[in-house]
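**Q**
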Amino acid sequence: MMIDTVLEYNEQFVKDRKYEEFRTTKFPNKKMVIVTCMDTRLIELLPQSMNLRNGDAKIIKNAGGVISHPFGSAMRSILVALYELKASEVCVIMHHGCGMNNINSVETIKKMQEGGVSKQTFDTLEFAGIDIEKWLAGFENVEDSVRNSVNMIKKHPLLPIGTPVHGLVIDPETGKLDVVVKDDVPV
Ligand SMILES: [Zn+2]
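Counted the way this note's numbering counts, the sequence shown spans residues 502 to 688.
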């Protein structure tokens, strides 16, 4: 398994003190909190295309970079970054060609069933009022989805007053950022 390779590398990494160039604090130097997608193409491209080094920003990732619930863990992370970690500006950055764009949740459910999740399990979840199809659903239009997430953050009752919340779309090939919403609230 890959974990063995990772652990072997890690031992050497620490022994060689390679961590020294990454030393920083838990407070983001550029006072930014970024919500973005877990897409593998963005691992290094996104921070480098924004000139972000280790320690510069809080980066929250999930499938799509979507804030799907006002009291979910992504929103909680934003609030913790703003209140406890000295961040003061929020950026939602989704991307073209996202796996969550037009994801077919019926197909995903079918894969779960093929993987061994029983019909009874789905019945139980349905009985408990959990709509798996809706829960797994992605988005149709990336710009609209950016606007929705920005609005959810911006209108959140616990957001510090005056926090700028921007929305952008990144090209996962070139790193080019297109602005969807630029919040001009004075900081
Ligand atoms: Zn994505």
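Beta carbons are placed, not taken as given, at the ideal position from N, Cα and C, and that holds for glycine.
Whole angstroms are fine: how far does the CA of D624 sit from the CA of S650?
**A** Start at 1 with the first residue of the sequence shown, and residue 650 comes out as number 149. Start at 1 with the first residue of the sequence shown, and residue 624 comes out as number 123. Answer to the nearest angstrom: the Cα atoms are 31 Å apart.
**Q** To the nearest angstrom, how far is the alpha carbon of E522 from that of V507?
**A** In the sequence shown, residue 522 corresponds to position 21, counting from 1. In the sequence shown, residue 507 corresponds to position 6, counting from 1. When rounded, the distance between both Cα atoms is 20 Å.
**Q** Tell me whether D624 sits in a helix, a strand or coil according to DSSP, three-state version.
**A** Within the sequence shown, residue 624 is the residue found at index 123, counting from 1. The answer is helix: DSSP assigns D624 an H, G or I state.
**Q** Indicate whether H667 and K655 have their beta-carbon atoms separated by less than 8 Å.
**A** In the sequence shown, counting from the first residue as 1, residue 667 sits at position 166. In the sequence shown, counting from the first residue as 1, residue 655 sits at position 154. Not a contact, by the Cβ cut-off of 8 Å.
**Q** What is the chain-ordered set of residues for which the beta carbon lies under 6 Å from any non-hydrogen atom of ligand 1?
**A** C538, D540, G565, H596, C599, G600, M601
**Q** Which runs of the alpha helix (DSSP H) at least 4 residues long sit entirely within the stretch 652-684? Give them in chain order.
**A** none
**Q** On the criterion of 16 or more Cβ atoms from any shown chain inside 10 Å, does D505 qualify as buried, or is it exposed?
**A** The residue given as residue 505 occupies position 4 in the sequence shown. Exposed.
**Q** Under a Cβ-count criterion, where at least 16 other Cβ atoms within 10 Å of its own Cβ denotes burial, should V585 be classed as buried or exposed?
**A** If you number the sequence shown from 1, residue 585 lands on position 84. First, the amino acid is wrong: residue 585 is Glu here, not Val. By the neighbour-count rule (16 or more Cβ atoms within 10 Å), E585 is not buried but exposed.
**Q** From L637 to K516, what does the alpha carbon distance come to, in whole angstroms?
**A** Locating residue 637 in the sequence shown gives position 136, counting from the first residue. Locating residue 516 in the sequence shown gives position 15, counting from the first residue. Answer to the nearest angstrom: the Cα atoms are 42 Å apart.
**Q** Taking the runs of the alpha helix (DSSP H) that are 4 residues or longer, which of them lie wholly in the stretch 532-569?
**A** 543-550
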